[in-house]
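Accompanying notes for the structure given below.
Numbering (the working numbering), first residue to last: 174 to 741.
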């Protein structure tokens, strides 16, 4: 007999629910559960928002505290109190007045005065004092060492960093340790000291007759290495740590005198767009992974509206970095060599050349100037003509870093021009993908001459960083400090940064991702090489740390002309 089939029991889902759900035994539990879940979620979201707000407030507070800590560096510099005196050496500066300051009670004032007179821009005053007092001291670098057949076997000629030539002769030297050395050893010492050691050199003007002719020669009577820098190096390292600064920030607040610590948002971004390319022009990079015939400096071209601090920057760094500043295109005689007078030009007396108003002259003047400097820009070799009546020409190696500044109409100016003149046809920069292409077009100056355009293109290829910024900057609103840092501290700061660059450049693969730079599509091999130099400087100055971006990415952005590029 077959069993009777039983109907399966069906649970009443309306009254019975999973017991794991709270309130499941009540009618309408699902709706209540959903509402409760929504309430819990909302409370969580509110707590999360409150937590984020607290964290943001804490971060703002921390950032504000950090800014206050960083600003403390300004209290370590001398403020704008000056002692004004007439210049005794005919050195005309600021309405015939010069500033004399005693920065450190432990250091005699004569050291600061010697540093001032030893600067290349004070060469007239230096020579005047030597001629009138028959003795003078020089403090700085040695520019060159030369042996000459016209001189005795126990002497040679030295060119000081300010361009003045003096003679070393063992007969007149007071330094006892030199008496027992061979002249070749002494020559080698000075040769190795070039651009590496800061020397204090005592000079006297000696007079004697050669037959019936009176000869006056500046002779070195003593010299020593200036050891004051080490004290200031240690001071700088202590201050950098105490005030939590990057090296870029230290340079900006001490050398440039800008308070960048109160800047936020676009103001901060703008100051970085303008000043970082300028800072990166300074310092040389010598590394084994780049071609030997490549200039160790980083040339920069920057076009901006007027009043963005270009001239102020050049004048700020002029003395410390042995730079020359021109407010217009210099002549070949002034820049390279004056054949009639047989006088070396600025490139042989300075390490950096700043040229303002570069985009202003007519095309023929720009073309002539570029043709005269192109070889020097890329390889550091300068052609020198030997007098009007001699067609002989020699080539001399002297690498120099160039900074070219020019003006473009800013966004507000272009808008105003369009409102005033509906037929105004300016350059539509939105048509250019980067600043390098745009700068070429600016310098074309609407010329259709193919040779001139090729000249401009070759010039741009030799520039490491091309920067075009379309916004104005009111420096007075950005906390420009009237400070006068101790020049010994600035010398030490410059030396520290150069040592950091040299350390990275010695083994760049250890610090820089070279493969990342090599993977980029470069229009010119020089752009790749310049990107490596720029990346080394960015890391040495901690600009990558300051911006929170890798040195390689920043270098690629800058060399490709994308830094601050915003033509809209």
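Using N, Cα and C, we set each Cβ at its ideal position, and we do this for glycine too. Note that this is a predicted model, so its numbers are computed, not measured.
Using alpha carbons as the reference points, say which of the options lies closest to residue i.
i: residue 250; options: 519, 405, 487; result: 405
i: residue 151; options: 533, 376, 453, 358; result: Limits of the chain in this structure are 174 at one end and 741 at the other, which puts residue 151 out of reach.
i: residue 246; options: 400, 522, 352, 412; result: 412
i: residue 390; options: 342, 662, 587; result: 342
i: residue 465; options: 646, 738, 479, 699; result: 699
i: residue 518; options: 244, 371, 555; result: 555
i: residue 239; options: 536, 609, 435; result: 435
i: residue 401; options: 293, 687, 277; result: 277
i: residue 449; options: 470, 424, 311, 438; result: 424
i: residue 752; options: 451, 476, 502; result: The requested residue 752 is not part of the displayed model; the chain covers only 174 to 741.
i: residue 679; options: 691, 658, 655, 709; result: 709
i: residue 553; options: 539, 572, 566, 537; result: 572
i: residue 371; options: 351, 385, 493; result: 493
i: residue 312; options: 658, 399, 416, 280; result: 399
i: residue 447; options: 480, 633, 721, 397; result: 480
i: residue 520; options: 420, 570, 538, 614; result: 570
i: residue 719; options: 310, 433, 377, 217; result: 433
i: residue 634; options: 623, 212, 732; result: 732
i: residue 549; options: 510, 331, 420; result: 510
i: residue 662; options: 220, 403, 316, 395; result: 403
i: residue 362; options: 378, 385, 382, 314; result: 314
i: residue 339; options: 282, 408, 394; result: 394
For residue i, name the three-state secondary structure that DSSP assigns.
i: residue 624; result: helix
i: residue 684; result: helix
i: residue 579; result: strand
i: residue 451; result: helix
i: residue 614; result: helix
i: residue 269; result: Note on residue 269: pLDDT 40, under 50, position unreliable in the model; the coordinate value appears next. In the structure shown, residue 269 sits in coil (DSSP, three-state: anything other than H, G, I, E or B).
i: residue 276; result: coil
i: residue 463; result: coil
i: residue 568; result: strand
i: residue 541; result: helix
i: residue 517; result: strand
i: residue 563; result: Residue confidence for residue 563 is low, a pLDDT of 48 falling below 50, so the modelled location carries little weight and cannot support an answer.
i: residue 439; result: helix
i: residue 197; result: Low per-residue confidence applies at residue 197: pLDDT is 42, beneath 50, and the placement is therefore not dependable enough to give any value.
i: residue 293; result: helix
i: residue 530; result: coil
i: residue 475; result: strand
i: residue 390; result: strand
i: residue 190; result: Reliability fails at residue 190, whose pLDDT of 40 lies under 50, so the model's placement of it is uncertain and no value is given.
i: residue 430; result: coil
i: residue 608; result: helix
i: residue 735; result: coil
i: residue 574; result: strand
i: residue 424; result: helix
i: residue 382; result: strand
i: residue 395; result: strand
i: residue 263; result: Low confidence applies here, because residue 263 scores a pLDDT of 49, under 50, leaving its location unreliable and the question unanswered by this model.
i: residue 642; result: coil
i: residue 184; result: Low per-residue confidence applies at residue 184: pLDDT is 43, beneath 50, and the placement is therefore not dependable, though the value from the model is reported in the following sentence. Reduced to three states, the DSSP call for residue 184 is coil.
i: residue 510; result: strand
i: residue 490; result: helix
i: residue 740; result: coil
i: residue 636; result: coil
i: residue 416; result: coil
i: residue 175; result: Note that residue 175 has pLDDT 47, beneath the 50 cutoff, so the model's placement of it is unreliable and no number is given.
i: residue 375; result: strand
i: residue 678; result: helix
i: residue 480; result: coil
i: residue 470; result: coil
Would residue i count as contacting chain B if we go by Cβ distances under 9 Å?
i: residue 636; result: In the structure shown, chain B cannot be found, because there is only a single protein chain.
When you measure from the CB of residue i to every non-hydrogen atom of the ligand NAD, does any distance come out below 8 Å?
i: residue 336; result: Absent from the structure shown: the ligand NAD. Ligands present: none.
Would you mind giving the Cβ-Cβ distance between residue i and residue j, rounded to the nearest angstrom? I have them listed as a contact below 8 Å.
i: residue 364; j: residue 318; result: 5 Å
i: residue 685; j: residue 712; result: 7 Å
i: residue 599; j: residue 609; result: About 19 Å separates the two Cβ atoms, so there is no contact after all.
i: residue 482; j: residue 648; result: 5 Å
i: residue 122; j: residue 491; result: This structure does not reach residue 122, given that the chain is present from 174 up to 741, and the question cannot be answered.
Exercise. Is the stretch 699-709 in contact with the stretch 448-460, if contact means three or more CB pairs nearer than 8 Å?
Worked result: Verdict: yes, contact present.
Problem set entry | Contiguous beta strand (DSSP E) assignments of at least 3 residues, all confined to the stretch 298-371 | Taking only runs of at least 3 residues, the beta strand (DSSP E) segments lying wholly in the stretch 298-371 are 308-313, 315-319, 328-333, 338-342.
Exercise. Using 8 Å as the Cβ pair cut-off and three pairs as the minimum, do the stretch 493-505 and the stretch 524-535 touch?
Worked result: With a cut-off of 8 Å, the stretch 524-535 and the stretch 493-505 count as touching, because enough Cβ pairs lie within range.
Exercise. Quick one: any contact between the stretch 352-367 and the stretch 286-293, if contact means 3 or more CB pairs under 8 Å?
Worked result: These segments do not touch.
For this session: Could you tell me whether the stretch 637-646 touches the stretch 720-740, using the rule of 3 or more Cβ pairs below 8 Å?
Result: Segments in contact, yes.
For this session: Give a yes or no on contact between the stretch 345-352 and the stretch 297-311, applying the rule of three or more CB pairs nearer than 8 Å.
Result: Too few Cβ pairs lie closer than 8 Å, so no.
Problem set entry | Uninterrupted beta strand (DSSP E) stretches inside the stretch 680-733 (no shorter than 3 residues) | The stretch 680-733 contains no whole beta strand (DSSP E) run of 3 or more residues.
For this session: May I ask you to verify whether the stretch 531-546 touches the stretch 623-636, counting CB pairs closer than 8 Å and requiring at least 3?
Result: Contact between the stretch 531-546 and the stretch 623-636 is present, because at least three Cβ pairs lie under 8 Å.
Problem set entry | At least three beta-carbon pairs within less than 8 Å, the stretch 473-489 to the stretch 657-675 | Contact between the stretch 473-489 and the stretch 657-675 is absent, because fewer than three Cβ pairs lie under 8 Å.
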